Amino acid sequence: MTKADLVEKVTRLGDLTRRDGEVIVETIFESVIGALQKGDKIEIRGFGSFRIRQRNPRIGRNPKTGERVEVPAKRVPYFKPSKELRDLVNPLEAAKSAEAPKAHEHQEAPAHPSH
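The numbering of the sequence shown is this note's numbering, which starts it at 1 and goes up by one.
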């Protein structure tokens, strides 16, 4: 799905003009980017969270020449999907985990002697 596809979907769902759909999609993207630039975490329940991870400096290699290259430290955006999103993408896995009994459900309470 492209950004244009997303704009089209928003436009159709909201019975909006194409321009309104573009403004909505752009506003969402700009809000996420702005929050990440400030170092904030974005959490969208049922979807996932966006955050920044710090990468340490390292020594890399130029794939063409094999020459060692210093790669500086940097911040990279990271997306972690929610459990709900993972279950929607992998419905068979979700069904299996729902069928598997939980460990604490197997433990029986100790029998209390009645006096």
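From the three backbone atoms N, C-alpha and C, an ideal C-beta is built for every residue, glycine too.
From a predicted model like this one, the values you see are computed outputs, not experimental measurements.
So, helix, strand or coil for G34, using DSSP? helix
Check whether the Cβ atoms of F50 and K41 lie closer than 9 Å to each other. Yes, they are a contact pair.
Kindly give me the distance between the Cβ atoms of R68 and R61, rounded to whole angstroms, as I take these residues to be in contact under 8 Å. 6 Å
Quick one, which of R53, V89, V25, I24 has its alpha-carbon nearest R75's? R53
Same chain only: Cβ atoms within 6 Å of L6, ignoring 5 sequence neighbours per side: V25
Any idea what DSSP makes of F79, helix, strand or coil? strand
With a threshold of 16 other CB atoms inside 10 Å of the CB of G21, please say whether the residue is buried or exposed. buried
Between which two residues does the beta strand (DSSP E) holding E67 run? No beta strand (DSSP E) contains E67, which DSSP labels as neither H nor E.
Could you check where the beta strand (DSSP E) with R61 kicks off and where it finishes? It spans 58-61 - the beta strand (DSSP E) in which R61 sits, taken as one unbroken run.
Express the C-alpha separation of F29 and R12 in angstroms, rounding to a whole number. Rounded to the nearest angstrom, the two C-alpha atoms are 19 Å apart.
Using CA atoms only, rank isn't needed, just tell me which of A95, K38, S31 is closest to I116. With the chain covering 1 to 115 only, the question about residue 116 has no answer from this structure.
First and last residue of the uninterrupted alpha helix (DSSP H) at R12: 3-13
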